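In our numbering, the protein residues as written are 563 to 715. Before any comments, here is the structure.
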């Protein structure tokens, strides 16, 4: 019966890890997006619906890393970098709309904007790693004494 608990954990651990990393990285990304908007012109037009969409999207983008977290090293790395690629491309595609505004920014704003864009790239790269770390940690949790699987073991 222990196999049943491991199978359940193999299913829910990647899903929970993807949701958690999507919330953490998505929230950080949203803060950086807000910082860029404030640095450019000071007007903040960020909606709650937009924030929710970003959090959900980052959770979905984390799935390749989550499901490959316990695979062989080559597959694990491929899953992590697929998450980085998808997150980075879709985020960059969204940011291209603001490229004209960024290019026309004053010189005193460029340092701040550059640092925020660099930080955004860093959290995109960390997205896959965080997801795989959380997946492995969740799969390694001990079973609770009151669960049916633990009582049958």
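Where is the CB? At the ideal position from N, CA and C, for every residue including glycine. In this text, all values refer to a predicted model and were calculated from it rather than measured experimentally.
- Message: By the three-class DSSP mapping on this structure, what secondary structure does residue 669 have?
- Response: helix
- Query: Span of the alpha helix (DSSP H) holding residue 617?
  - Reply: 610-623
- To the nearest angstrom, report how far apart residue 700 and residue 629 are at their CA atoms. 13 Å
- Apart from the five residues just before and just after residue 671, which ones in its own chain have a Cβ nearer than 7 Å to its Cβ? 601, 602
- Task: Just tell me which of 665, 576, 637 has its CA closest to the CA of residue 622.
- Result: 576
- CB residue 612 to CB residue 642, shorter than 8 Å? no
- Enumerate in chain order the residues of its own chain whose CB-to-CB distance from residue 560 is below 6 Å, with the five nearest sequence positions on each side excluded. As displayed, the chain neither begins before 563 nor continues past 715, which places residue 560 out of reach and without an answer.
- Which same chain residues, not among the five before or five after residue 580, have their C-beta less than 7 Å away from its C-beta? 621, 624, 625, 628, 693
- Task: Work out the CA separation of residue 695 and residue 634 for me, nearest whole Å.
- Result: 15 Å
- What separation, rounded to the nearest whole angstrom, lies between the Cα atoms of residue 614 and residue 675? 24 Å
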